[in-house]
Each structure stands twice: as C-alpha cells, then as structure tokens.
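**Q**
4 protein chains.
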Amino acid sequence: MALPPVPHEFASSLRTSRIEALSDAAFGIVMTILVLEIPVPEIDHPTALDIPRALIRLWPMFLGYFVSFIMLGMSWVAQHEQFHFVKRADQALLWMTMLFLMLIATVPFTTTLIGRYLEQQAVVVLYGAHLLAISLVHHATWRYATTNRRLVDPHMDLEDVEIHLRRSLITPVIYLVAIGLSFLSTVLSVVVYALVPLVYGMLPSIYARRKRSRPRES
Amino acid sequence: MALPPVPHEFASSLRTSRIEALSDAAFGIVMTILVLEIPVPEIDHPTALDIPRALIRLWPMFLGYFVSFIMLGMSWVAQHEQFHFVKRADQALLWMTMLFLMLIATVPFTTTLIGRYLEQQAVVVLYGAHLLAISLVHHATWRYATTNRRLVDPHMDLEDVEIHLRRSLITPVIYLVAIGLSFLSTVLSVVVYALVPLVYGMLPSIYARRKRSRPRES
Amino acid sequence: MALPPVPHEFASSLRTSRIEALSDAAFGIVMTILVLEIPVPEIDHPTALDIPRALIRLWPMFLGYFVSFIMLGMSWVAQHEQFHFVKRADQALLWMTMLFLMLIATVPFTTTLIGRYLEQQAVVVLYGAHLLAISLVHHATWRYATTNRRLVDPHMDLEDVEIHLRRSLITPVIYLVAIGLSFLSTVLSVVVYALVPLVYGMLPSIYARRKRSRPRES
Amino acid sequence: MALPPVPHEFASSLRTSRIEALSDAAFGIVMTILVLEIPVPEIDHPTALDIPRALIRLWPMFLGYFVSFIMLGMSWVAQHEQFHFVKRADQALLWMTMLFLMLIATVPFTTTLIGRYLEQQAVVVLYGAHLLAISLVHHATWRYATTNRRLVDPHMDLEDVEIHLRRSLITPVIYLVAIGLSFLSTVLSVVVYALVPLVYGMLPSIYARRKRSRPRES
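Chains as they are written, first to last, in full-length UniProt numbering: chain H, 1 to 218; chain L, 1 to 218; chain R, 1 to 218; chain F, 1 to 218.
(1) Can you tell me the Cα-Cα spacing of Val-6 of chain H and Leu-22 of chain L, whole angstroms?
(2) Tell me which residues share the same chain as Phe-85 of chain F and place their Cβ nearer than 7 angstroms to its Cβ, disregarding the 5 neighbours each side in the sequence.
(3) What does Val-86 of chain H pair with, by DSSP beta-bridge criteria?
(4) Pick helix, strand or coil for residue 222 of chain H, following the three-state DSSP scheme.
(5) For Pro-60 of chain H, which of helix, strand or coil comes out of DSSP?
(6) What span of residues does the alpha helix (DSSP H) with Asp-160 of chain F cover, start to end?
(7) Using a Cβ cut-off of 8 angstroms (strictly closer), state whether Leu-176 of chain L contacts chain H.
(8) Give the residues of chain F in contact with Phe-69 of chain R, contact being defined as C-beta atoms less than 8 angstroms apart.
(9) By a C-beta neighbour count over all protein chains shown, 10 Å radius and 16 as the cutoff for buried, is Ser-75 of chain F buried or exposed?
(10) Against Val-40 of chain F, what residues of chain H qualify as contacts under a CB-to-CB distance less than 8 angstroms, listed in chain order?
(11) Using the C-alpha atoms, what's the distance from Tyr-193 of chain H back to Val-67 of chain L?
(12) Shorter than 8 angstroms from the beta carbon of His-80 of chain L to some beta carbon of chain A?
(13) Note the first and the last residue of the continuous alpha helix (DSSP H) segment covering Tyr-117 of chain F.
(14) Taking one C-beta from the segment 39 to 53 of chain H and one from the segment 139 to 152 of chain H each time, how about it: are there three or more such pairs within less than 8 angstroms?
(15) Closer than 8 angstroms by beta-carbon distance: list the chain F residues that pair up with Arg-150 of chain H, in chain order.
(16) From what residue to what residue does the alpha helix (DSSP H) around Ile-104 of chain R run?
(17) What does Val-30 of chain H reach in chain F if we use C-beta pairs closer than 8 angstroms?
(18) Using the beta-carbon count (16 or more within 10 Å), is Glu-119 of chain H buried or exposed?
(19) Name the chain H residues that come within less than 8 angstroms of Pro-46 of chain F, Cβ to Cβ?
(20) Is the beta carbon of Ile-38 of chain H less than 8 angstroms from the beta carbon of Gly-115 of chain H?
(21) Take Val-125 of chain R and list the residues in its own chain whose beta-carbon comes closer than 7 angstroms to its own, dropping the five residues that flank it on each side.
(22) Measure the C-alpha to C-alpha separation of Ala-89 of chain L and Arg-167 of chain H and round it to an integer number of angstroms.
(23) Using a Cβ-Cβ cutoff of 9 angstroms, what residues of the segment 120 to 141 of chain H are near chain F? List them in chain order.
(24) Looking at Pro-172 of chain R: is its Cβ nearer than 8 angstroms to the Cβ of Leu-132 of chain R?
(25) Exposed or buried, what is Leu-158 of chain R when buried is set at 16 or more other beta-carbons lying within 10 Å of its beta-carbon?
(26) What residues of chain H sit near Ile-51 of chain F, judged by a beta carbon separation below 8 angstroms?
(27) Throw me the rounded Cβ distance for the Phe-83 of chain F and Thr-147 of chain F pair, which I believe falls under 8 angstroms.
(28) Taking its Cβ as the centre, do 16 or more other Cβ atoms sit within 10 Å of Ile-51 of chain F, making it buried, or is it exposed?
(29) Tell me the DSSP secondary structure of Ser-185 of chain R in three-state form.
(30) According to DSSP, is Ala-48 of chain F helix, strand or coil?
(31) Using beta-carbon positions only, say whether Thr-110 of chain F and His-130 of chain F come within less than 8 angstroms of one another.
(32) Take Met-96 of chain L and list the residues in its own chain whose beta-carbon comes closer than 7 angstroms to its own, dropping the five residues that flank it on each side.
(33) Can you check which of these residues, H:Leu-58, H:Leu-36, H:Thr-32 and H:Ser-189, is closest to Thr-112 of chain L by C-alpha distance?
(34) Using CA coordinates, which residue listed in H:Tyr-175, H:Arg-149, H:Thr-106 and H:Val-191 is at the minimum distance from Leu-165 of chain H?
(35) Run through chain L and tell me which residues come within less than 8 angstroms of residue 220 of chain H, C-beta to C-beta.
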C-alpha cells in the first residue's frame, strides 16, 4: 500500500495560539487541583484547638503546595515569553510541548509525595529531578526553536536569542545545586527550590536596569 | 560570570489577555471542583427517607459551597473589571496576580473546613481571613496599577481611579466586621460573608443612579 | 460616609465574550470530572470474569453519566446560541449566568446520587428538579435579555425572539412530565431525561425544513 | 400546538471556534486529571527504600498514564487539524463532536483500569476498544464533513480530502491489530497502543518529504 502523501497545509495548520490555549488550560487546572491533594482534617467532636493543631501539622503539605504553585507560575510565564518569539510550530515543537505539559501535569503527584515525606531524601531528589526536567525541556525547546532561527521571527535579534538561551540555563543549574543540598538537609533543598522562581522573577528587573545603562549595539 | 542582559521586549511580552485567560481557567475550575468536596451519601439499602435525610444533614456543606461560589463569582467579575483598565503588565503585577490566584485556588480547602466544622470559631475566622486576604490582594493590585497611572490607560479619569480604590476597600471592611461577629455566632459570620457579593453586586446599580442624577465634573 | 459613585464604564466593562470563556471552562470541566465519580472496581487477584462483571454492575453509573453528559452538551449549545444574540451584559444577566453555572457545577453531585440510587424515587425527582431548574434559568435569561430587546441586537427579528422563548419552554415542560413519570418507574423517568437533548437536537432540523418550505414574512 | 419555526440564524450561530474552545478545555482537563488516579503511596515511618520501591511497583499506572497522555496529545492535534479545514458546524457535526468528547472524557476511567489490571486481557481489550472508538469517531467526522465538501472550504483540494480520510483510517487499523495482539501478551498490546501516536506523529514528516520530491498534480 502506497502511503498517502501529507497535505501541504499540515505544517501550518497547528497555530501556536492553540498550543497556548491548551497550555493555559493545563496550567490553570494543575494550579487548582494541587490543593485537592491536601487532606482536610477529619475529627469527630473536635475541641477548639484540635482543628488549628491539625492544620499546623499539615505544614509540609502547604510548603509543597507553595513551592509547586510558584514554580508553575514561573513556568507559565516562561512559556508565554517563549511563544512571544516562536512564530510557527512544527511536529518536533509540538511533541516537545506535549512532553513539557506531561511533566507539568504530573506535578501534583510529586508535590503530594513532598507533602507526605518531606524528610525522605529520595523523595526530595525525585521532586528536584522533576523540576530539573521541566526546566531542561524548556531550555531544549528554546534551543530547537532558535537554532538558525528555525521557528522564530527571522528578524529576531541574535543577542536576544543568546540571552534567552543563557537565562533558561540558570534555572536547571540552581535545581542541580539544590538537589545536591539534600545530602545536608531535605528542607534546605526544598527552600532553594522555592527560591528559584523568585530569583527568576527578579532577574529581569536587574537586567533591565543594566541594559538601560549601556548603549545598544545591535 | 556576567549576567546576561534582559531582552528589551520582555516587559511587553506578557499580554494582559493571557493573564485573563489563565484566570478564567482557574476560576472556572475552582468553581466546579468545589462540589467534589461535598461527600455523596453512601447508604446500603436505604429506605425512602434515608437519602433525603442524609442530604439535609449536609446543609453546612451546601451553605459553604454557596458562599464560596458567589464570592468566586464576585472576585472574577472584580478582576475582569480591573483588567478592563489595566493595559500593561509588569513583573510585580504578574506576581500579585499569582498570589491572587493562589488564594483563589485554596478556596476549596477552607470551604470544606467550613462545611465540616461550621460551629468551630477558629474555622470560621480562618475562612474569613481567607476571604479578607483575597479582597486585600485585589485592593493592593488596584493601588499598585493606578499609582501615577503606572499600568492603566494614561487618560484614565482620576475620579474613576479614586472610586475603584475606595470601592475595593468596602469588601475587606465588611469581612473584618464579619470575622468579629464570629464571637457572637459562627453561622451569623458566614451569613454576612455570603451577603458581601450581593451587596457588591448591588452597589453599582445604586452608584449608577446617583451618578446619572448629578452633572459630570471631569 | 458618602458612597463613591460608580465609574461610567462599569456597565460595558464586562464583555459577553468573557462570560462565554468562563462558561466554556466550567462546562469543559464538569463534562470531564463527571467520570471521576464513577468508582473504578478494586478487586484483588481477579479472575477473567470478575472485572467485566464489576463493570456491568456499574451500569446505573454509566447511565447517569450519559444522561448528564448530553444534557450538559445541550445546555452548552443553548447557552452559546443565546450569547449569539445577547450583545451586552448587565449586573442582572451576570448573576443569572452565575446561578446557571452554579447549577451546572453541581451536576456531578446529583449524577452520582442517580448512579448510586437509581431505584430511589426521591433521588430521581431531585435529579429531575435539578435539570428543570437549569432549563428554567435558561428560559428566564432569554426572557430578561429579550424583553424590550434589553440586551440583544436592537434589530433582532421579533419572530426569532418569540421562537427562542417558546422553544426554551419545551425543555422544562418535558422535564416536568418526566418527573411525574417517576411515580410509575424511576428508570423510565431517567430515560425521558436522556431523550430531552436528543429531541432538542432534532427540533432545529425539523424547524429548518418547515421554515424553508414557507415564504419569509419578516 | 404548532411547532415554532427555527430561527434562520441557528445553523451559523455555533461557530467552530467555540467547539474548539470547549475541546481545548476538555483535553487540557483530561490530560491533567489523569494523574489524580495514580495513588500516592501512603506508608507510615518508611525506610529510605520503601518509597522508591512503592513507586516502582506503580509502573503499570505510569505506563497507562503515558499511553493515554500521548494518545490524547495526538487526538488533540488531529482534531485541530480537522478544524483547520472544517469551516462550518451543523447539528450532526456538533453531536459527533460531543460523542468524541464523551469518549475523551472517559479516558481516565479505562486508564485507571489498565493501571490496576494490566495483566487482565478483558481490560486491555476494553481499553483498546476505547481507543478504537475514538479514532473511528474522528474518521467518521472527517467523512461527514468532507462528503460533497459539506462543511469544509468549497475550494478544498480533493486530493487533500482523500489523504486525510485515508490517514485517519490508519490509526483504527493499528488499534485493531493491537487488540488482537492481546491474545499473545497484554503488555505487547499496550506497547503497540503507545506506538500509534508516535507513528502518527512521524508520518507527516515522511509524507512531506515524499510530496516535495514529486511534482504537484492538482
């Protein structure tokens, strides 16, 4: 049987706006179902202090929730920044995005593990590896899309390309260090995981100030 | 290592329309998963009256659901009204929105607490503090975006700015009073929580009538 | 304290497209979380026939799922048809939509009741009342929006208004009859509930054929 | 009672963009709630190896998750490709899409079955039949929309129509074969289920290369 040829419109038929719409839905859902994994205390005839105490004992759950939520926020921002420059989609980009979303969608699983077993190094390493994988797929997508300006605006500033590639490598490097810190203290690791989005969120302002203070050379 | 400079397009790359899309997804999800926390009665071989009775015993759950749902509806409307005026996003606005969504996403947790322990003052105070925090972050976002017309339309009417700021303070004030009422009766507190969106929903009509009846001075 | 006047842009600030976006999210979620309520059989060391048998015993769950899913599909279509004509939103329309979405969001709860207690008349009546309420809110929204062409296109055909109002009354009438049938047989009731969307889906084709065969008088 | 005629705008009132929005929401949700079905291990006072071991024992769950996720990714892409060509919606297309979404929404149920009973042939056949049904509804929708170019662009290339119809038949054929393989090994079946999206994702590139290498005859 001869293989049917592919229609020539195929490559262009998947607009990047649709990938963004699917991502928005996925991020919105993951950010909101995260909380479903935190068990609401069930106590028969509680005294006035039973509920507050039970809630305080849940602190590792809330810590995990917080870390995952701001990591998701950062990833969502980073992905949108990416699609600001990516103008076309091809099969490879599509499946890299699917892999990215698959990793995002499994965040509630590892977050629940962290909430239950914060003191277990294996769990903290696994969670860190999860975050690391998300940031690496993000970096790989940048690299793929910008190589020879494959999928980005053909007039995209080469300096901008370089900046985004380098910046998208900062996150995985910090995650690697944080995973290493788990040999000292698992809570320290998780605190560093939490700092990444904050650093990432602050860097642009620092950059912007530096850039403004020197002449543009492009 | 010299820090890579930030690309100059960064600030403008996150369109407010995308923040709205993420918010729509998050609100839609929270409003629909709220109901998953209400346990469907499980009774083996029930008589004709067992199920109705079991449903009636769930009334605190339905009350909590109702209060949270209309509060979410009000917050969603308020946020959209806000983004009607906010024309640009910066990092601070973005992270204030993330904080806002984090508080929205945890509503199912405190709603379930209310449904289970409506008679516990600590729970009613916690739920009220949650609602208060949501309304305060909303107010802070208004203040940040409108100060020196930082992120809003440069021609936005100063009177309108003032009105929105003042109006977004009414809600937290009522929540504070309602929290205080929990010392008298927890159910009374929750009823007042429920009234806030109704009042908020009615105010515009009252305002509109007053405004129409006096000449515009802008 | 003098009440701050409402900004004059308020009424127009909530575009109907945003209400549609929230509704799309809510419908999409309810349609997909419905299935989470069907319990996946848990059997240790099952024989080849244990799982099929356990799945077959779940038939009332699947029936409830099917009825609710197509009812949701029909309601989603009906709401979009409505917003095809509704051009503006006001506070009343907004809160009618919130009430509509609240009823939609609680469908998984009553659907699970039906799946568990299909033979209980009280449950079948409650579910029917739920469906009836959804269709009545839909009708009320039509009536509100079209009275004096309040929120619809000022050139909307009066005949079309009349048709939509009448058609949106057919559904609640059938639901009422179906609730009555529960006195004969609860399964019969549910089957009639299931037929409503199919009838509603077929009517337009019948109408279209009739309309085409007579001259237009508008 | 004479039936009220249908308004003439009805057919055009449901824009395909809205169907796409509902689908995006549904796909995004199913892809993210899939993971909720994987039970997070609960172990009191675990040793360092207990959690890793418990996670490894969950491999059938992760396999099922992976297979379903990439199948959903493929279906989402296929549906968008379809709606790239489909320009109008009618009642039949709408209800075919509803049936499609109903099948998509139940994927978490059969995926959980696979995760729990990977060694049960009945379960693997049921899951395969589910995937087969999804691909057949997709094919039927193509056939319906393109027959006499019913709902597609009237200038759509007839060769393209033919290609899409044929290509949308490859998937169900492979699923049929994979179901048959379950008589040899259930794991083998599931591995072939997993390969389908990868093949489907690769075919376009192969086609594109072939097409470029021969002159266009249209």
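Every residue gets a Cβ at the ideal spot worked out from N, C-alpha and C, and that includes glycine.
**A** So, from the data block:
(1) Confidence at Val-6 of chain H is low in this model, with a pLDDT of 42, below 50, so the placement of that residue should be treated as unreliable; the coordinate-derived value is given next. So the two alpha carbons sit approximately 35 angstroms from each other.
(2) Val-152, Asp-153 and Met-156
(3) H:Val-152
(4) This structure does not reach residue 222 of chain H, given that chain H is present from 1 up to 218, and the question cannot be answered.
(5) helix
(6) 158 to 181
(7) no
(8) Met-98, Met-102 and Ala-105
(9) buried
(10) Glu-37, Phe-109, Thr-112, Leu-113 and Arg-116
(11) 35 angstroms
(12) In the displayed structure, chain A is absent; the protein chains listed are H, L, R and F.
(13) Premise fails: Tyr-117 of chain F is in no alpha helix (DSSP H) and is neither H nor E.
(14) no
(15) Ordered by position in chain F, no residue passes the 8 angstroms Cβ test against Arg-150 of chain H, which lies about 14 angstroms from the chain.
(16) 91 to 105
(17) Thr-32
(18) exposed
(19) Tyr-117 and Gln-120
(20) yes
(21) Ile-179 and Ser-182
(22) 21 angstroms
(23) Gln-120, Gln-121, Ala-122, Val-123 and Leu-126
(24) yes
(25) exposed
(26) Leu-113, Tyr-117, Gln-120, Ala-122 and Val-123
(27) Actually they are not in contact, since the Cβ atoms of Phe-83 of chain F and Thr-147 of chain F sit about 17 angstroms apart, beyond 8 angstroms.
(28) buried
(29) coil
(30) coil
(31) yes
(32) Val-137, Ala-140, Thr-141 and Tyr-144
(33) H:Leu-36
(34) H:Arg-149
(35) No statement about residue 220 of chain H is possible, as the shown extent of chain H runs from 1 to 218 and does not include it.
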